[in-house]
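Novice: I'd like to ask some things about the structure below.
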Amino acid sequence: MHEMSIAISIVEAVETKAREEGAARVSGVDLLVGKLAGIEPESLKFCFSAAAKGTLAEEALLAIEEPEGTGECGECGMTFPVNFYYAECPGCRSLRIKIISGEEFLIQSITIEEEGE
Amino acid sequence: MCDTCGCSDGSGAVLRKPGESDYHLHVSDGTHEHTPSHTGEEHHSSANVQEGSHNHGHGHHHHEGSSRKIVLEQDVLQKNNLLAERNRGYFEARHIFALNFLSSPGSGKTTLLEKIIPLLQQRIPVAVIEGDQQTTNDADRIHALGVPVIQINTGSGCHLDALMVNRAVKELDLQDNSLLCIENVGNLVCPALFDLGEALKVVIISVTEGDDKPMKYPTMFHEADLCILNKIDLLPYVEFDVAKCRENAMRVNHHLEWFEVSAKTGEGLAVWLEWLKKRLLHH
Ligand SMILES: Nc1nc2c(ncn2[C@@H]2O[C@H](COP(=O)(O)OP(=O)(O)O)[C@@H](O)[C@H]2O)c(=O)[nH]1
Ligand SMILES: [Mg+2]
Ligand SMILES: [Zn+2]
Chain A
19 MHEMSIAISI VEAVETKARE EGAARVSGVD LLVGKLAGIE PESLKFCFSA AAKGTLAEEA
79 LLAIEEPEGT GECGECGMTF PVNFYYAECP GCRSLRIKII SGEEFLIQSI TIEEEGE
Chain B
3 MCDTCGCSDG SGAVLRKPGE SDYHLHVSDG THEHTPSHTG EEHHSSANVQ EGSHNHGHGH
63 HHHEGSSRKI VLEQDVLQKN NLLAERNRGY FEARHIFALN FLSSPGSGKT TLLEKIIPLL
123 QQRIPVAVIE GDQQTTNDAD RIHALGVPVI QINTGSGCHL DALMVNRAVK ELDLQDNSLL
183 CIENVGNLVC PALFDLGEAL KVVIISVTEG DDKPMKYPTM FHEADLCILN KIDLLPYVEF
243 DVAKCRENAM RVNHHLEWFE VSAKTGEGLA VWLEWLKKRL LHH
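Chains A and B are the protein sequences, given in the same order.
Mapping the first sequence onto the numbering used here, position 2 (from 1) lands on 20, and the numbers just tick up by one.
Mapping the second sequence onto the numbering used here, position 115 (from 1) lands on 117, and the numbers just tick up by one.
Dropping the structure here:
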């Protein structure tokens, strides 16, 4: 299950950034996980809470935005929604489709809490 | 925990060599060495944005401090990708052609390597990295052919990553102008996401697996450069539509090169090896 090793690397990246920013803890992590990224969001959420135990991100809320896949036809230039199962141009039936969105896999932002002294 | 030395190295992966039972090396990334990529991180945080929708409402905050949103826009796989690019640069500088072999368990990756290595060896030096969760069985099979081989045991891990390959390469005496075959852990899902620095990804399926496999595991077929359909000697005994399987694969990835072979009888191997030799020449 690759979601576990990925969750660990997310927690590492989040903690590194949070430390640099002098955070007391991390309260939110926003991810962008395209529908075609090959990641199971539910599984990732589960793994994230396990991976975050004992770190600054232990109580962080993980929010995942999932952009839809979009393809662009290499023959006629049409753009249309895709998942891999139907990567065929609805206009000209070409299979030469370029994926132009849906493969994103980013940590967009984190929300940190600072000690109020 | 390591069953050989009893140490409790977190990351889990261990390198082993056939015939050297006391050799084993833990792959750890020394997490605290910072990646040399602190480029684009010049404080996007100037966006000192107020906490958005999340933590509002109930006042069950532990601290009285303020909260602040920091924009990262960082690729989750960045660390692996950076290291993979380092591997790739190393391979290119030394003219090492690296292939990443991917398949479900039992599709015939090791058998295929056993078959092609003796054929390629006269022409080009070959070395192998074997990935499995446990055992050195596959490395032992390759070792018997007399080529340098190292086993990566990933433990609970389900894929090789760029760090493991980086460490394994340091332990292998790779020659310039050689071929490096990396047999990934048997799994059609996870290894698709982890670039190792290879020149090409080779996905293998066998005719006992069902011709809809490319539809079931599209990410892998999408990422692959070539697909090898193996065990075609069994076609008379199984229900498997080769044309349909190929069509399914091409739907997912229209750049995919397609080959049909039997690692057992050798059928079809000449065609693939011809193709491979051409790629090696232009490398
Ligand atoms: N009939 C037949 N069996 C094969 C072929 N290639 C591999 N096998 C068998 O499939 C099984 C798994 O092969 P192996 O190379 O260990 O698969 P791996 O897990 O992908 O490395 C072994 O029993 C092989 O003998 C083939 O082309 N035809
Ligand atoms: Mg094998
Ligand atoms: Zn079109």
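Even glycine gets a Cβ: it sits at the ideal position worked out from N, Cα and C.
Identify which residue in B/C183, B/V209 and B/A194 has its Cα closest to the Cα of B/V149.
Specialist: Comparing Cα-Cα distances from B/V149 to each of B/C183, B/V209 and B/A194, the minimum goes to B/C183.
Novice: Does DSSP put B/S105 in a helix, a strand or coil?
Specialist: Correct three-state label for B/S105: strand.
Novice: Start and end of the beta strand (DSSP E) containing A/T129?
Specialist: Counting along the chain, the beta strand (DSSP E) containing A/T129 begins and ends at F123 to E131.
Novice: Listing by chain order, which chain A residues have their CB less than 9 angstroms from the CB of B/M252?
Specialist: What B/M252 touches in chain A: L113.
Novice: Please list the residues of the segment 26-57 of chain A that have a C-beta atom closer than 7 angstroms to any C-beta atom in chain B, keeping them in chain order.
Specialist: Correct list: S27, I28, E30, A31, K35, E39, A42, S45, G46 and G56.
Novice: Can you pull the chain A neighbours of B/C160, defined as C-beta to C-beta under 9 angstroms?
Specialist: Those within 9 angstroms of B/C160 in chain A are M19, H20, M22 and S23.
Novice: Could you tell me which chain B residues have their CB closer than 7 angstroms to the CB of A/L124, listed as they occur along the chain?
Specialist: Residues of chain B passing the Cβ test: E75, Q76, D77 and V78.
Novice: Is any heavy atom of ligand 2 found at a distance shorter than 7 angstroms from the C-beta of B/K117?
Specialist: B/K117 Cβ: outside cutoff for every heavy atom of ligand 2.
Novice: How far does the alpha helix (DSSP H) with B/Q177 in it reach, from first residue to last?
Specialist: It is not in any alpha helix (DSSP H) - B/Q177 carries neither H nor E in the DSSP assignment.
Novice: For A/F102, decide whether its Cβ has a neighbour in chain B, counting only Cβ atoms nearer than 8 angstroms.
Specialist: Closer than 8 angstroms to some Cβ of chain B, the Cβ of A/F102 qualifies, so yes.
Novice: What do you get for B/I234, buried or exposed, if any count of 16 or more other CB atoms within 10 angstroms of its CB means buried?
Specialist: B/I234 is buried by the Cβ-count criterion.
Novice: My output table needs one value for A/A105: the three-state DSSP class, helix, strand or coil.
Specialist: Coil, per DSSP.
Novice: Quick check on B/V151: buried or exposed, where buried means 16 or more other Cβ atoms within 10 Å of its Cβ?
Specialist: Burial call: buried.
Novice: When you compare each of A/P85, A/E90, A/A78 and A/I82 to B/S69 by their alpha carbons, which one comes out closest?
Specialist: It is A/A78 whose Cα lies nearest to the Cα of B/S69.
Novice: Under the rule that 16 or more other beta-carbon atoms within 10 Å means buried, what is A/V100, buried or exposed?
Specialist: Result: buried.
Novice: Can you tell me where the alpha helix (DSSP H) holding B/L85 begins and where it ends?
Specialist: Element bounds for B/L85: Q80 to A95.
Novice: With a threshold of 7 angstroms, establish whether the CB of B/S109 neighbours any heavy atom of ligand 1.
Specialist: Correct: B/S109 has its Cβ closer than 7 angstroms to ligand 1.
Novice: Under 8 angstroms by Cβ, that's how I've got B/C247 and B/D213 pegged, so tell me the actual separation to the nearest angstrom.
Specialist: 4 angstroms between Cβ atoms; contact.
Novice: What do you reckon, is the C-beta of B/D140 under 7 angstroms from a heavy atom of ligand 2?
Specialist: Answer for B/D140: yes, Cβ within range of ligand 2.
Novice: Of all the CB atoms in chain A, is at least one closer than 8 angstroms to the CB of B/S47?
Specialist: Because the pLDDT of B/S47 is 37, which lies under 50, any placement of that residue in the model is unreliable, and the question is left without a value.
Novice: In chain order, what residues of the same chain lie with their CB nearer than 8 angstroms to the CB of A/R37, ignoring the 5 residues before and after it?
Specialist: Closer than 8 angstroms at Cβ, skipping near neighbours: L74.
Novice: Please classify B/P220 as buried or exposed, where buried requires at least 16 neighbouring CB atoms within 10 angstroms.
Specialist: So B/P220 ends up on the buried side.
Novice: So what's B/Q124 in DSSP terms, helix, strand or just coil?
Specialist: Coil.
Novice: Just verifying my parser: in three-state terms, what is the DSSP assignment at B/N250?
Specialist: It is helical.
Novice: What residue range is occupied by the uninterrupted alpha helix (DSSP H) comprising B/F242?
Specialist: Here B/F242 belongs to no alpha helix (DSSP H), and DSSP marks it neither H nor E.
Novice: Helix, strand or coil for B/D24 per DSSP?
Specialist: Here B/D24 sits in strand by DSSP.
Novice: I want to see whether chain A comes within less than 8 angstroms of B/R90, judged by CB atoms only; does it?
Specialist: It does not: the Cβ of B/R90 has no partner Cβ on chain A nearer than 8 angstroms.
Novice: Using CA coordinates, which residue listed in B/S30, B/T137, B/V273 and B/C160 is at the minimum distance from B/W260?
Specialist: Ranking B/S30, B/T137, B/V273 and B/C160 by Cα distance to B/W260 puts B/V273 first.
Novice: From B/A164 to B/H28, what distance separates their C-alpha atoms?
Specialist: Spanning the two alpha carbons is a distance of roughly 15 angstroms.
Novice: A/C91 by DSSP, collapsed to three states: which one?
Specialist: A/C91: strand per DSSP, three-state reduction.
Novice: Taking one C-beta from the segment 159-174 of chain B and one from the segment 109-119 of chain B each time, how about it: are there three or more such pairs within less than 8 angstroms?
Specialist: In short, these stretches do not touch, since the Cβ pair count stays below three.
Novice: Using a Cβ-based criterion (distance less than 7 angstroms to any ligand heavy atom), does B/G188 qualify as near ligand 1?
Specialist: Result yes, Cβ under 7 angstroms from ligand 1.
Novice: Is the beta carbon of B/D175 within less than 7 angstroms of some heavy atom of ligand 1?
Specialist: No.
Novice: Any beta carbon from chain A within less than 8 angstroms of B/R169's own beta carbon?
Specialist: Judged by the 8 angstroms Cβ criterion, B/R169 is not in contact with chain A.
Novice: Closest by CA to A/F102, which one among B/A146, B/A251, B/E262 and B/A95?
Specialist: Comparing Cα positions, the closest option is B/A251.
Novice: Leaving aside the five residues before and after B/N255 along the sequence, list all residues of the same chain whose C-beta is less than 7 angstroms from its C-beta, in chain order.
Specialist: Within the same chain, B/N255 has close Cβ partners F223, H224 and A226.
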